[in-house]
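Numbering (the working numbering), first residue to last: 4 to 112.
Quick reminder that beta carbons are idealized off the backbone N, C-alpha and C, glycines included.
See below for the structure under consideration.
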C-alpha cells in the first residue's frame with residue numbers, strides 16, 4: 004500500500020471525494036454504501052490513513068481517464084483481489100460475506 008496522489012478538496016466531504024475521484028479515475032458513477040475499512044500506515048516521510056468505501060455502480064463506463072495515474076483497469080474476482088489487496092488482514096471476502104460497515108456521519112450539515 005503506497006500513499007496516492009488522491010486527496011480531498013477543501014470543504015469536500017469524504018463521500019463527495021470518493022464519488023468525484025471514482026468518476027475521474029474510472030469513468031464510473033457510484034453511490035456510497037458504507038465505509039468497510041480504515042487502514043493506517045507510517046511511511047518514511049508521511050503518515051497515511053486510508054478509507055475503503057463500499058460503493059454501488061449506478062452508471063458510466065469503465066475506462067482509464069488518466070494514463071499517468073492508472074495503467075490497467077478491469078473487474079477482477081475475489082481470489083485475485085485477495086492477492087492484490089493483502090493489506091486487509093481478514094481478507095476482501097469478509098466485506099462480501101459479512102457486509103460489515105462503519106457508519107459515516109458528516110456533522111456540519
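Three-state secondary structure assigned by DSSP to residue i
i          : result
residue 65 : coil
residue 98 : helix
residue 52 : strand
residue 36 : strand
7 Å CB neighbourhood of residue i in its chain, flanking five on each side removed
i          : result
residue 6  : Note that residue 6 scores 45 on pLDDT, short of 50, meaning its location in the model is unreliable; the coordinates nonetheless yield the value given after this. These residues qualify, in order along the chain: 46, 49, 51.
residue 30 : 63, 64, 65, 66, 68
residue 16 : 109
Alpha carbon of residue i to alpha carbon of residue j, nearest angstrom
i           : j           : result
residue 63  : residue 26  : 8 Å
residue 77  : residue 59  : 16 Å
residue 4   : residue 90  : Here the model assigns residue 4 a pLDDT of 46, short of 50, so the residue's position is not dependable, and the following value carries that caveat. Approximately 7 Å, taken between the alpha carbons.
residue 79  : residue 105 : 25 Å
residue 111 : residue 18  : 14 Å
Among the options, the one whose alpha carbon lies nearest that of residue i
i          : options    : result
residue 21 : 44, 42, 57 : 57
residue 72 : 24, 12, 87 : 24
6 Å Cβ shell around residue i - same chain, five flanking residues per side excluded
i           : result
residue 107 : 38
residue 11  : 20
Contacting residues, own chain, Cβ-Cβ under 8 Å from residue i (five flanking each side not counted)
i          : result
residue 81 : 95, 96, 99
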